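Remarks on the structure that follows.
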Amino acid sequence: MVRGANMKRKTAELNLLKHSSDGIFDFAVNLLLILILIITVYPLYFIVIASLSDPDAVNTGSMLLYPIGGKDRLLNFEGYIRVFMDNRIWRGYYNTIIYTFFGTLLGVTATILAGYSLSRKDLVGKGPITGIFVFTMYFGGGLIPTYMVVDKLHLINTPLVMIILGSISVYNIIIAKSFFQNTMSVELQEAAFIDGCGNGIFFLKIVVPLSKSIISVLTLYYAVGHWNSFFSALIYLNNEKLYPLQLILRDILIASQMLVSDTTDIESIGDAQRIAESLKYAVIIVSTLPVLIMYPFLQRYFIKGVMIGSVKG
Amino acid sequence: MKKYYNCFKQAKIIKTLKIIKEGEIKMKFKKTCLFLLAAILVIQAFTGCVKTEFQETKATIPQNNDTDTNLEGNLYKSGIPILKEKENFTVMIRKNALSKNSYPEKLPVQEVEKETNISITWQEIAPSGWNEKVNLSFASKSLPDAIVSGISTSMLMQNIDSLVPIGDYVYKYAPSIKKLWNERPDIKTALTTPDGKIYSFNTSEESAWGVTNSLLYINKTWLDALGMQVPRTTSEFYMVLKAFKDNDMNKNGKNDEIPFSFCQQDAQYSLNSFFGTFGVLDNTQHLIVENGKVIFPSIKNEFRDALVWFNSLVQAGLMDVEGFSQALQQLQAKGKNKELLLGSFLSYNADTATGDNMNHYIPIEPIDGGAGKVLWNKEGQKGGNITGFVVTKSCKNPIAMIRWHDYINSSWENKMRWSFGPEGEAWKFNENGLWIQNNDKLPQGASWGEYRHTVAPASQANWFMTAEEGLYKRLLAPRTKIRLDAITDLYQKYFPAETLQSNFENIETANEKNLLLVEIDAYLANFVSNSILKGVTDAQWNEHLKTCKSLNVDRYVQLWQEYYDNQKK
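Protein chains in written order, with our numbering: chain A, 21 to 333; chain B, 5 to 573.
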């Protein structure tokens with residue numbers, strides 16, 4: 021009884037303590053966090069309200085906290101209307117989805133296979149193979165030699181180049197490899213072999229079902245990478261019908277700046293500028309929305325993935 | 005020993021690769037900047053003075069048939085079709101962002117294919133990736149048959165071994181280009197590379213209204229309200245700006261009028277020409293020519309006078325101090341403000357800076373600073389886009405490509421078709437027989453520029469029009485007309501007699517000049533803005549003269565002088 025009362029008093033004391041000095045600390049921490057939150061969220065919020073505002077209001081800096089639609093309008097949907105009426109953007113969306121889907125499929129499959137093999141102690145030539153993989157992380161042929169190889173493989177101007185080129189990242193292979201090393205123990209493998217499994221059955225029936233977390237992490241890494249990539253499309257694609265979304269958006273925005281120097285028709289300069297101004301923010305929203313929506317749901321895998329990949333002593 | 009040597013070699017290769025890779029990223033930005041500069045220089049094309057009215061001569065092109073004697077293999081030496089059996093060529097072209105379709109879908113492209121028997125596989129490159137793509141195809145030798153819409157002059161010089169000297173074929177196979185060269189020998193000179201051969205044809209146009217960049221605009225509504233005359237001298241200009249500032253011109257009770265604004269970042273809105281008030285000019289090269297001598301104007305006393313006068317405007321609060329830092333969009337936002345803020349400004353056109361407020365503004369004559377002469381920048385590129393059409397050595401039948409280009413440029417009708425599309429689509433004749441923009445067929449929500457670039461190969465394609473052809477049978481759009489009239493009536497008389505133009509030159513000298521210019525340019529931008537905002541003392545001016553010397557301005561001027569003398573020969 022005495023002991024219980026003691027405990028009670030102690031807890032009360034603790035609470036008291038918490039209320040006096042810890043309270044200030046908590047308050048300060050919360051304040052700081054809220055400030056950081058504002059700093060990080062405001063740019064995102066700015067883009068959202070800018071996409072619904074009159075471009076002139078954005079440029080003068082009069083739009084800060086809420087959207088200003090311009091002439092007798094509360095909101096300005098012109099940018100969105102332009103985006104949704106533009107066929108190129110929809111085709112770009114379609115292409116990006118195709119590239120992302122197949123690129124991720126190929127990337128994840130290959131990465132899991134490579135990561136598993138390299139994690140097995142009985143793989144012959146494990147050291148040299150890992151070495152070769154790692155070598156490519158630090159040294160590359162450079163743009164022009166790569167272009168020549170792609171050209172000789174007749175991959176220029178095909179959707180395949182977007183799916184195959186850069187589909188596997190050595191960094192991800194290493195993440196997968198350390199995951200398999202840590203979770204799929206040799207004992208497990210031996211037990212399976214005693215029960216009559218070969219390497220193939222073991223991989224398909226035991227390893228893959230037990231690796232859902234690493235697979236989802238890799239899927240995310242690859243999918244986000246494919247979704248945002250534009251550089252290989254810029255270099256290896258010439259046909260606009262094959263362009264991914266990011267490249268089309270880049271074109272719409274950057275091209276209008278290039279055109280300023282083109283005085284051959286004054287009309288077009290004004291047009292391109294106006295279009296870019298009204299499109300800029302709407303386009304950013306439209307292209308990032310899918311990833312933005314996906315993120316909160318899959319964020320926990322991201323954190324988990326980094327933990328899985330880390331090398332434990 | 006050998007092993008060590010190999011190791012060393014490998015390390016060196018890896019190092020080079022790394023440098024190349026790092027360089028790529030840095031270079032990209034630099035390249036874009038340089039490209040923009042080059043594009044400004046190249047595309048702001050024009051002719052010296054508008055000569056005689058352009059006369060359209062109806063060149064009837066003979067029709068070839070199977071039994072013709074001018075057949076050379078599969079190629080007819082003259083007339084159309086150009087080829088007996090259809091052949092396919094690859095052409096790389098920069099795609100305009102306003103275009104909503106691809107080249108094979110454009111009617112003029114289909115027509116020309118039918119007429120010439122030359123079918124084209126178009127490699128349509130997005131403008132943002134143009135430089136990278138062209139560089140890559142040269143570097144990897146996977147070249148198209150021809151490249152249209154302009155590579156930089158330095159890119160052409162660097163890759164001259166991969167290009168066909170198409171100038172050699174002109175007198176035999178390309179009558180329309182021959183005609184142009186005979187009428188305009190200056191264009192032929194501009195196209196000639198240091199080795200004496202011609203590797204490119206010029207495209208685009210020498211538009212009559214593109215002969216200068218910014219014009220000076222003033223608020224006529226406010227002038228009238230004050231009962232003041234259009235200012236002609238520096239003191240009158242000062243008085244007008246002062247009146248704009250002191251009287252609440254836009255009647256909103258706030259002192260928010262901006263008497264004079266500009267945008268130094270953009271050549272079309274910058275102060276460069278305004279220095280001409282005191283008889284010197286600033287421009288992208290920071291050079292002017294007087295009596296055959298290349299001069300660096302920024303060390304002249306007239307230049308200092310200009311700085312001092314601008315500073316007096318700043319001190320009186322008459323000049324927008326944001327002008328040096330603001331982006332064009334900010335100037336435009338000020339101009340478009342419903343409250344009407346701007347009193348006077350430098351701009352390409354009134355409406356590009358002020359939008360719906362454009363009717364309040366008129367262009368005025370350059371201000372006279374009492375220095376004995378007044379100047380205004382003339383942008384001196386002859387021949388439009390001088391690298392607009394090149395044929396590469398990958399082309400199996402270069403003559404066919406040359407004849408194709410020649411045919412597209414063979415008559416005013418053909419050029420119009422290639423540039424503005426079929427008659428009745430983006431353009432039409434009015435009741436007076438003059439051609440005007442046609443807005444009847446615009447799809448819902450599309451602008452005229454988008455429609456033009458959709459029905460025609462348009463601005464990036466390989467047609468060339470002189471200023472006279474550009475005005476031929478044409479009723480200009482009102483704003484273009486205002487600009488053209490302002491140039492002919494108010495500005496032309498202040499253009500310097502001689503200008504520099506940057507054509508083809510050796511890579512080494514071009515590089516040396518560019519390197520010097522980078523430093524000079526960065527220093528001057530800083531010096532000019534500082535002097536105007538804070539004033540310039542004697543000590544500072546002497547310091548400036550010393551700095552210019554240490555930046556090797558003399559060498560820079562000398563290089564340009566040599567180049568200028570060579571061009572004149």
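Where is the CB? At the ideal position from N, CA and C, for every residue including glycine.
Nothing here was measured: the structure is a model prediction, and the numbers come from that model.
In this structure, the beta-carbon distance from Thr-207/B to Gly-392/B falls below 8 Å. Residues of chain B with a Cβ closer than 9 Å to the Cβ of Ile-88/A do not exist, since the nearest Cβ in that chain sits about 12 Å away. Buried is the label assigned to Glu-297/A, since at least 16 other Cβ atoms lie within 10 Å of its Cβ. Sequence-distant Cβ neighbours of Pro-367/B in its own chain, meaning closer than 6 Å and more than five residues away, are Leu-219, Tyr-221 and Ala-490. CA-CA distance, Tyr-136/A to Tyr-114/A, rounds to 33 Å. When rounded, the separation of the alpha-carbon atoms in Ile-181/B and Leu-309/A is 53 Å. Between the alpha carbons of Val-215/B and Gln-162/B lies a distance of about 29 Å. No Cβ of chain B is located within less than 8 Å of the beta carbon of Glu-210/A. In this structure, DSSP gives Phe-264/B an extended state, which the three-state scheme calls strand.
When CB distances to chain A are screened at a threshold of 9 Å, the residues of the region 130 to 159 of chain B falling below it are Ala-130, Pro-131, Ser-132, Gly-133, Trp-134, Glu-136, Lys-137, Asn-139, Leu-140, Ser-141, Ala-143, Ser-144, Lys-145 and Ser-146, in chain order. When 8 Å is used as the limit between beta carbons, Asp-171/A is near these residues of chain B: Ser-144 and Ser-146, in chain order.
In the DSSP assignment, Asn-389/B is bridged to Thr-207/B. DSSP places Glu-369/B in the coil class of the three-state scheme, outside both helix and strand.
Burial check for Asp-165/B: the Cβ neighbour count within 10 Å stays below 16, so the residue is exposed.
For Leu-438/B, same chain residues with a beta-carbon under 7 Å away, outside a window of 5 residues either side, are Lys-477, Arg-478 and Leu-479 in chain order.
With 16 or more other Cβ atoms inside 10 Å of its own Cβ, Gly-133/B counts as buried.
The straight-line gap separating the alpha-carbon atoms of Leu-87/B and Thr-150/A is approximately 58 Å. Only those residues of the region 297 to 313 of chain A whose C-beta falls short of 9 Å from the nearest C-beta of chain B are listed: Glu-297.
In this structure, Pro-301/B lies near Asp-286/B, with their beta-carbon atoms less than 8 Å apart. The three-state secondary structure of Met-83/A, taken from DSSP, is coil. Per DSSP, Phe-279/B is not a residue of any alpha helix (DSSP H), being assigned neither H nor E. Rounded to whole angstroms, the separation of the alpha carbons of Ala-178/B and Pro-66/B is 14 Å. Contact between Ser-351/B and Tyr-273/B holds, since their C-beta atoms are separated by about 5 Å, short of 8 Å. Contact between Leu-322/B and Lys-201/B does not hold, since the beta-carbon distance rounds to 54 Å and is not under 8 Å. Close to Glu-128/B, with beta-carbon spacing below 9 Å, are these residues of chain A in chain order: Asn-258, Asn-259 and Glu-260. If you ignore the 5 residues before and after Ser-153/B, its C-beta comes within less than 6 Å of the C-beta of Ile-97, Arg-98 and Gln-464, all in its own chain and listed in chain order.
Under the criterion of beta carbons closer than 8 Å, Pro-500/B and Val-293/B qualify as touching, at roughly 7 Å. Glu-128/B sits in a strand when the DSSP states are folded into three classes.
Inside the region 232 to 273 of chain A, DSSP marks whole alpha helix (DSSP H) runs of 4 or more residues at positions 232 to 248 and 251 to 256, from first to last along the chain.
One alpha carbon belongs to Ser-415/B, the other to Ala-526/B, and they sit about 45 Å apart. Comparing alpha carbon positions, the residue from Ile-305/A, Leu-312/A, Arg-320/A and Ile-268/A closest to Arg-111/A is Ile-268/A. Residue state for Val-298/B is assigned as strand, using DSSP reduced to three classes.
In the three-state scheme derived from DSSP, where H, G and I count as helix and E and B as strand, Phe-508/B is classed as coil.
Identification of chain B residues near Met-168/A by a Cβ-Cβ cut-off of 7 Å yields Ser-144, ordered along the chain. In the structure shown, Gln-162/B falls within a helical segment according to DSSP collapsed to helix, strand and coil. When the beta-carbon positions are compared, Asn-177/A and Ile-129/B stay at least 8 Å from each other.
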